[in-house]
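As they're listed, the protein sequences go chains L and P. 16 is the number of the first residue of the first sequence in my numbering; add one for each residue after it. 16 is the number of the first residue of the second sequence in my numbering; add one for each residue after it. One structure is given below, encoded as structure tokens.
There are 2 protein chains.
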Amino acid sequence: MERVYNFSAGPANLPLEVIEKAQNELSDFNDSGMSVMELSHRSKIYEDIHNEAKEKLLKLMKLGDDYELLFLQGGAYTQFVTIPMNYLEDKSSAAYINTGSWTAKAIEEAKFFGNVEVIASSEKDHFTYIPEIPEINKDYKYLYICTNNTIYGTRYTKDKLPNSPVPLLADMSSNILSENYDMTKFDLIFAGAQKNLGISGVTIVAIKKDFLTKSAENLPTMFDYKIHAEKNSLYNTPPTFAIYITGLMAKWLINQGGVEEIEKMNIEKAGKLYDFLDNSKIFKNNIKKEDRSLMNVIFFTGNKDLDAAFLKGAEKEGLFNLKGHRSVGGMRASIYNAMPMDGVESLIDYMKKFEMENKQEA
Amino acid sequence: MERVYNFSAGPANLPLEVIEKAQNELSDFNDSGMSVMELSHRSKIYEDIHNEAKEKLLKLMKLGDDYELLFLQGGAYTQFVTIPMNYLEDKSSAAYINTGSWTAKAIEEAKFFGNVEVIASSEKDHFTYIPEIPEINKDYKYLYICTNNTIYGTRYTKDKLPNSPVPLLADMSSNILSENYDMTKFDLIFAGAQKNLGISGVTIVAIKKDFLTKSAENLPTMFDYKIHAEKNSLYNTPPTFAIYITGLMAKWLINQGGVEEIEKMNIEKAGKLYDFLDNSKIFKNNIKKEDRSLMNVIFFTGNKDLDAAFLKGAEKEGLFNLKGHRSVGGMRASIYNAMPMDGVESLIDYMKKFEMENKQEA
Numbered sequence: 016m017e018r019v020y021n022f023s024a025g026p027a028n029l030p031l032e033v034i035e036k037a038q039n040e041l042s043d044f045n046d047s048g049m050s051v052m053e054l055s056h057r058s059k060i061y062e063d064i065h066n067e068a069k070e071k072l073l074k075l076m077k078l079g080d081d082y083e084l085l086f087l088q089g090g091a092y093t094q095f096v097t098i099p100m101n102y103l104e105d106k107s108s109a110a111y112i113n114t115g116s117w118t119a120k121a122i123e124e125a126k127f128f129g130n131v132e133v134i135a136s137s138e139k140d141h142f143t144y145i146p147e148i149p150e151i152n153k154d155y156k157y158l159y160i161c162t163n164n165t166i167y168g169t170r171y172t173k174d175k176l177p178n179s180p181v182p183l184l185a186d187m188s189s190n191i192l193s194e195n196y197d198m199t200k201f202d203l204i205f206a207g208a209q210k211n212l213g214i215s216g217v218t219i220v221a222i223k224k225d226f227l228t229k230s231a232e233n234l235p236t237m238f239d240y241k242i243h244a245e246k247n248s249l250y251n252t253p254p255t256f257a258i259y260i261t262g263l264m265a266k267w268l269i270n271q272g273g274v275e276e277i278e279k280m281n282i283e284k285a286g287k288l289y290d291f292l293d294n295s296k297i298f299k300n301n302i303k304k305e306d307r308s309l310m311n312v313i314f315f316t317g318n319k320d321l322d323a324a325f326l327k328g329a330e331k332e333g334l335f336n337l338k339g340h341r342s343v344g345g346m347r348a349s350i351y352n353a354m355p356m357d358g359v360e361s362l363i364d365y366m367k368k369f370e371m372e373n374k375q376e377a
Numbered sequence: 016m017e018r019v020y021n022f023s024a025g026p027a028n029l030p031l032e033v034i035e036k037a038q039n040e041l042s043d044f045n046d047s048g049m050s051v052m053e054l055s056h057r058s059k060i061y062e063d064i065h066n067e068a069k070e071k072l073l074k075l076m077k078l079g080d081d082y083e084l085l086f087l088q089g090g091a092y093t094q095f096v097t098i099p100m101n102y103l104e105d106k107s108s109a110a111y112i113n114t115g116s117w118t119a120k121a122i123e124e125a126k127f128f129g130n131v132e133v134i135a136s137s138e139k140d141h142f143t144y145i146p147e148i149p150e151i152n153k154d155y156k157y158l159y160i161c162t163n164n165t166i167y168g169t170r171y172t173k174d175k176l177p178n179s180p181v182p183l184l185a186d187m188s189s190n191i192l193s194e195n196y197d198m199t200k201f202d203l204i205f206a207g208a209q210k211n212l213g214i215s216g217v218t219i220v221a222i223k224k225d226f227l228t229k230s231a232e233n234l235p236t237m238f239d240y241k242i243h244a245e246k247n248s249l250y251n252t253p254p255t256f257a258i259y260i261t262g263l264m265a266k267w268l269i270n271q272g273g274v275e276e277i278e279k280m281n282i283e284k285a286g287k288l289y290d291f292l293d294n295s296k297i298f299k300n301n302i303k304k305e306d307r308s309l310m311n312v313i314f315f316t317g318n319k320d321l322d323a324a325f326l327k328g329a330e331k332e333g334l335f336n337l338k339g340h341r342s343v344g345g346m347r348a349s350i351y352n353a354m355p356m357d358g359v360e361s362l363i364d365y366m367k368k369f370e371m372e373n374k375q376e377a
């Protein structure tokens with residue numbers, strides 16, 4: 016079968032170049048006589064992969080050596096726990112902004128460890144915008160946000176990122192390295208790799224060294240950021256193959272011109288889709304315009320049968336995984352860095368055709 | 016370069032058939048038009064991979080539907096924490112048998128949560144054997160062992176597995192499915208996949224359902240075995256590619272004739288190496304014969320320069336990663352299920368040659 020367009024929210028599509036590079040060298044990495052999957056994590060050949068991926072990611076984020084980059088396991092969900100375990104010892108307080116399911120889950124997990132104050136939320140309006148951020152009390156240990164909300168299709172634009180008097184922490188799982196944020200605003204960011212940075216099984220954590228020193232002492236080893244940092248994420252066996260793919264993704268992103276260039280492409284890709292939606296007779300997007308995600312474009316017809324017909328027809332056109340999250344319904348096109356413009360245009364073409372054929376139904 | 020023999024302790028060598036299968040279908044899985052790395056974990060096509068891997072592993076372990084099999088992240092190390100978090104609430108007690116670094120680490124992590132009693136240990140003799148197990152107090156929440164000690168090269172034979180009046184738990188990271196243990200003796204076993212079951216980044220946990228019901232309530236989600244079990248290890252995004260490779264490994268193992276057949280091959284492979292060592296003039300293995308590992312064969316000359324010369328020469332013969340663990344020194348040949356007899360024979364040939372050339376040095 017020829018390659019389809021995969022609009023999955025994650026694990027998501029990868030650049031064909033990355034897949035082909037991995038495929039070509041899968042049975043013999045760099046003339047080692049071994050697959051990259053078989054390399055000991057204590058070997059020089061693997062350490063080069065590991066360190067190169069780390070350096071490229073820091074370079075793409077424009078973070079200097081006042082930051083540490085970690086490769087951890089357990090997904091963003093494990094960070095929901097690890098962060099409060101490290102910073103809310105003695106039941107101290109942190110501020111969270113609730114912009115949807117993922118922040119709601121982070122809030123629930125943090126409550127196991129400390130006092131959580133939800134200082135802003137768009138829940139009453141079904142998370143259709145990024146809420147106004149009130150003045151932030153300086154007594155909080157940190158302020159926690161999720162920069163892009165995969166399920167609801169909202170994001171913080173550069174202008175809306177909080178100017179926080181306390182350390183700013185962010186879940187960037189679904190928009191890391193997709194737009195040109197000033198990353199030095201953050202004391203800690205994390206992202207599961209399976210959307211913009213490769214495959215599932217590795218979580219990237221970038222942490223300011225000064226903030227790292229403030230993490231709790233005497234934690235179980237796997238939750239101790241300081242130990243992972245001291246050991247260069249090699250205290251225990253890291254997910255080597257997933258890190259290798261993240262390295263290939265970082266290299267691909269640099270070849271695209273880095274974050275500035277990919278941001279331009281992302282603005283153009285999402286712009287075309289939102290323009291179409293705003294002018295459509297049957298498809299709608301209900302997100303506040305200035306807060307719309309560049310990565311996850313949600314849309315719906317308002318008619319469940321029509322949504323179902325749309326999804327069924329999409330696969331025949333080679334357009335896959337457009338079903339919206341079960342908690343929202345409708346449709347969602349996840350158009351991460353690796354989604355080519357052709358994929359977006361093919362989707363719009365199909366939407367146009369569907370609209371023509373179903374005008375009377377709307 | 017042609018394929019080398021990789022004696023790494025893990026990540027370790029994989030069967031060439033598994034690598035080639037993964038390579039052939041890496042750009043298009045099962046005519047989906049997508050790479051297996053890109054499949055949504057909520058798609059039918061991925062769920063089939065997931066469930067098939069799970070069923071094959073349970074079949075290989077000869078465990079029935081009174082057991083649940085989980086795919087988790089974070090390596091064996093995360094299980095060192097998750098187990099006591101689930102079973103030592105209220106500072107209750109568990110018994111641990113200390114057979115080397117990995118049990119020592121599990122003991123340290125468990126102390127964060129409850130009372131740990133080391134009821135047997137071979138530490139005073141540098142872990143060169145499996146200690147006698149005393150009668151076990153019925154008040155312990157569980158008895159914890161590590162069935163194969165990667166660093167020291169010892170293992171529990173079938174006969175030495177404890178008959179425990181309390182639930183028996185085991186770290187099987189380095190010998191899972193390598194010999195025909197009666198798996199129903201265990202209430203919980205776990206194993207990082209990167210030695211006998213694929214690549215790093217996924218941890219297999221098999222847990223008796225009856226024991227699962229006794230796990231703690233109200234834990235952070237990622238440490239709650241019950242949630243992972245209820246959601247079929249799909250509560251959050253699992254390490255999909257690593258699970259796919261584990262599925263290929265399980266299939267390969269079934270094609271080898273299952274655990275009975277692979278055990279025969281492992282006994283033969285390790286037997287040849289130990290026979291050579293026991294008759295060698297310069298190489299020694301100091302492990303009690305009945306407790307010798309089938310997976311990790313340690314050996315040394317007693318002369319550091321000679322060890323170094325041996326290791327240097329080995330790579331020229333296409334024999335890689337034979338260096339012993341830094342805490343033990345000398346050499347170690349890890350010969351997991353996927354190591355072919357040819358690899359063991361090539362190693363013995365080189366050892367013979369080295370012995371001839373260095374007799375006077377020993």
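Idealized CB from N, CA, C, for every residue including glycine.
- The Cβ neighbour count for residue 140 of chain L, taken over all protein chains shown within 10 Å, is under 16; the residue is labelled exposed.
- Straight through space, the alpha carbons of residue 168 of chain P and residue 144 of chain P are spaced by roughly 9 Å.
- Contact check for residue 219 of chain L and residue 257 of chain L: beta-carbon distance about 10 Å, past the 8 Å limit, so the pair fails to qualify.
- Measuring C-alpha to C-alpha distances from residue 173 of chain L to each of L:352, L:309, L:346, L:330 identifies L:309 as the nearest.
- Closer than 7 Å at the C-beta level to chain L, one finds these residues of the region 92-113 of chain P: 92, 93, 96.
- Shown in chain order are the members of the region 259-279 of chain L whose Cβ falls below 9 Å from a Cβ of chain P: 260.
- Interface criterion met: the Cβ of residue 41 of chain L is under 8 Å from a Cβ in chain P.
- Contact note: residue 26 of chain L reaches chain P through 52, 53, 54, 55, 56, 61, 252, 255, 256, using a C-beta cutoff of 9 Å and chain order.
- Per the C-alpha coordinates, the member of P:212, P:206, P:185 positioned closest to residue 199 of chain P is P:185.
- In terms of beta-carbon proximity, residue 127 of chain P lines the interface with chain L, with at least one pair separated by less than 8 Å.
- Neighbours of residue 66 of chain L in chain P, taken as residues at a C-beta separation under 9 Å, are lacking, since the least C-beta distance is about 17 Å.
- With its beta carbon less than 8 Å from one in chain P, residue 18 of chain L belongs to the interface.
- Looking from the CA of residue 254 of chain L, the closest CA among L:57, L:292, L:170 belongs to L:57.
- Beta-bridge pairing by DSSP links residue 111 of chain L to L:133, L:159.
- Across the region 199-211 of chain P, CB contacts with chain L closer than 8 Å involve 207, 209, in sequence order along the chain.
- Two segments are said to touch when three or more pairs of C-beta atoms, one from each, lie closer than 8 Å; by this definition the region 51-66 of chain L touches the region 18-25 of chain P.
- Assigned with DSSP and collapsed to three states, residue 195 of chain L falls in coil, not helix or strand.
- Short of 7 Å from the beta carbon of residue 305 of chain P, and not among the five residues preceding or following it, lie these beta carbons of its own chain, in chain order: 172.
- Around the beta-carbon of residue 307 of chain P, 16 or more other beta-carbon atoms lie within 10 Å, marking it buried.
- Contacts between residue 344 of chain P and chain L, judged by CB atoms closer than 9 Å, are missing: the closest CB pair is about 15 Å apart.
- In terms of Cβ geometry, residue 243 of chain P and residue 103 of chain P do not form a close pair [threshold 8 Å].
- Residue 353 of chain L: not part of any beta strand (DSSP E); DSSP gives it neither H nor E.
- For a Cβ distance threshold of 7 Å, nothing in chain P lies close to residue 248 of chain L: the least Cβ distance comes to about 12 Å.
- Of all residues in the region 279-312 of chain P, none comes within less than 9 Å of chain L when Cβ atoms are compared.
- By alpha-carbon distance to residue 93 of chain L, the top candidate from L:123, L:245, L:115, L:277 is L:123.
- One thing to note: residue 288 of chain P has its Cβ within 8 Å of the Cβ of residue 348 of chain P.
- Interface with chain P (8 Å Cβ-Cβ cutoff): residue 328 of chain L is excluded.
- Within the same chain, 30, 32, 33 come within 7 Å of residue 267 of chain L by CB-CB distance, once the 5 residues on both sides are set aside.
- Between residue 72 of chain P and residue 222 of chain P, the C-beta spacing is not below 8 Å.
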